[in-house]
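There are 2 protein chains.
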Amino acid sequence: MIKERNTKQKSLILSAVRGTKTHPTAEEVHLMLSDSVQGLSLGTVYRNLNHMAESGQIRRISVTNSPDRFDGDISPHHHICCNTCGKFCDFFDTDYDTSLDKVIEEKSGFTLIKHETVFYGLCPECNLNQKN
Amino acid sequence: MIKERNTKQKSLILSAVRGTKTHPTAEEVHLMLSDSVQGLSLGTVYRNLNHMAESGQIRRISVTNSPDRFDGDISPHHHICCNTCGKFCDFFDTDYDTSLDKVIEEKSGFTLIKHETVFYGLCPECNLNQKN
DNA sequence: TTCTTAATAGTAATTATTCCTATTAAGGAG
DNA sequence: CTCCTTAATAGGAATAATTACTATTAAGAA
Numbered sequence: 761m762i763k764e765r766n767t768k769q770k771s772l773i774l775s776a777v778r779g780t781k782t783h784p785t786a787e788e789v790h791l792m793l794s795d796s797v798q799g800l801s802l803g804t805v806y807r808n809l810n811h812m813a814e815s816g817q818i819r820r821i822s823v824t825n826s827p828d829r830f831d832g833d834i835s836p837h838h839h840i841c842c843n844t845c846g847k848f849c850d851f852f853d854t855d856y857d858t859s860l861d862k863v864i865e866e867k868s869g870f871t872l873i874k875h876e877t878v879f880y881g882l883c884p885e886c887n888l889n890q891k892n
Numbered sequence: 761m762i763k764e765r766n767t768k769q770k771s772l773i774l775s776a777v778r779g780t781k782t783h784p785t786a787e788e789v790h791l792m793l794s795d796s797v798q799g800l801s802l803g804t805v806y807r808n809l810n811h812m813a814e815s816g817q818i819r820r821i822s823v824t825n826s827p828d829r830f831d832g833d834i835s836p837h838h839h840i841c842c843n844t845c846g847k848f849c850d851f852f853d854t855d856y857d858t859s860l861d862k863v864i865e866e867k868s869g870f871t872l873i874k875h876e877t878v879f880y881g882l883c884p885e886c887n888l889n890q891k892n
């Protein structure tokens, strides 16, 4: 009995997200693959990205004033977003604190699946430009 | 020279957001006020909520699979979202760690304005229902 | 090779939010 | 208090992001 099928689209979408650090939006993933898969549907990209995010293979990150982004790196790290130019980058913290999940589970009664932290501010370039 | 005018809409929108702990969406704020302000425009609600969020009077929180929410409580705290029913609640941590902002500013070169952390999981009720 | 059906392509529909413009009204000046 | 400038609003159109729908395709088990 089949549960899930391996398609060319599926594996290419996963490779694309894993192969970049740009945290692409669904539309950007679609663009990245438009050459290799002729006729790739944006709906297919969305469906697969959502499945992969739900199964924990990738991360889906909701950002204010931006379409959702996807990250192939599921190791614990933060994200920083520039409010002016939208630049979106990783921040790897050697002391990344995962203990809060357990504390919150105990105190709130929730069963937690994940958390996402996004820092908002001005990137160095936009900071300079603003001063002019 | 005038810079900003105080309107009935503006003050009622701010009161509405500050007067609830439900983290309403723009549409929900619009609904809350539809009785007191006849003809209140949804665009006006969005515009004011955005201004207030930009000026730091309230918080705007982007959540996966949900329209943005607004919080009148700007004191440092986290949010927990139920992936099944969408329930959205506060989590006040006595040890809320704000030191990471400074560390990230130093290491990334960004000037940070704020950060938002959302925990995703299953609320106690949905957790029970799932087991049945 | 055949057959079942999961997955896709393509498009329509929905949702969330912003943009546009004529009109209203806040509040400073006279 | 009245007038005047223009910030802010109402209402609706436009845009952006994402999901839903359906006929068709193609995994992969038998």
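Order-wise, the sequence lines are chains A and B.
Residue numbers for the first sequence follow the numbering used here, so the first one is 761 and each next one is one higher.
Residue numbers for the second sequence follow the numbering used here, so the first one is 761 and each next one is one higher.
Glycine is no exception: its CB is placed at the ideal position from the N, C-alpha and C atoms.
Should residue i be flagged as near chain B, meaning a C-beta pair shorter than 7 Å?
i       : result
S868(A) : yes
G859(A) : At residue 859(A) the sequence reads Ser, which differs from the Gly that was named. No, its Cβ sits nowhere closer than 7 Å to a Cβ of chain B.
I840(A) : yes
D872(A) : Correcting the residue type first, residue 872(A) is Leu in the shown sequence and not Asp. Judged by the 7 Å Cβ criterion, L872(A) is in contact with chain B.
H837(A) : no
I864(A) : yes
V823(A) : yes
T877(A) : yes
F851(A) : yes
Can you tell me the Cβ-Cβ gap for residue i and residue j, rounded? I've got them flagged as a contact below 8 Å.
i       : j       : result
I840(A) : I873(B) : Not confirmed; about 11 Å, so no contact.
D828(B) : R820(B) : 6 Å
L809(A) : V823(A) : Going by Cβ atoms, the distance from L809(A) to V823(A) rounds to 15 Å, so no, they are not a contact pair.
T877(B) : H838(B) : 5 Å
H875(B) : Y880(A) : 7 Å
K768(B) : V797(B) : 7 Å
C883(B) : F870(A) : 6 Å
H783(A) : F852(A) : About 14 Å separates the two Cβ atoms, so there is no contact after all.
D861(B) : K781(B) : About 25 Å separates the two Cβ atoms, so there is no contact after all.
A776(A) : L793(A) : 6 Å
In the DSSP output, what is residue i paired with across the bridge?
i       : result
I840(A) : C849(A) and F879(A)
K867(A) : Its beta-bridge partners do not exist; DSSP assigns none.
D831(A) : R819(A)
T780(B) : Partner(s): none; T780(B) has no beta bridge.
T824(A) : DSSP lists no partner for T824(A).
N785(A) : Rather than Asn, the amino acid found at residue 785(A) in this sequence is Thr. For T785(A), which the question treats as bridged, DSSP gives the partners R829(A).
With a threshold of 7 Å between beta carbons, is residue i in contact with chain A?
i       : result
L882(B) : yes
R819(B) : no
N887(B) : yes
F848(B) : no
Assign residue i to one of three DSSP states: helix, strand, or coil.
i       : result
D857(A) : coil
K862(B) : helix
L872(B) : strand
K768(A) : helix
V805(B) : helix
S775(B) : helix
Q890(B) : helix
L800(A) : coil
Review point. Of all the residues that make up the region 802-814 of chain B, which are near chain A by a beta-carbon distance shorter than 8 Å?
Key: When CB distances to chain A are screened at a threshold of 8 Å, not a single residue of the region 802-814 of chain B falls below it.
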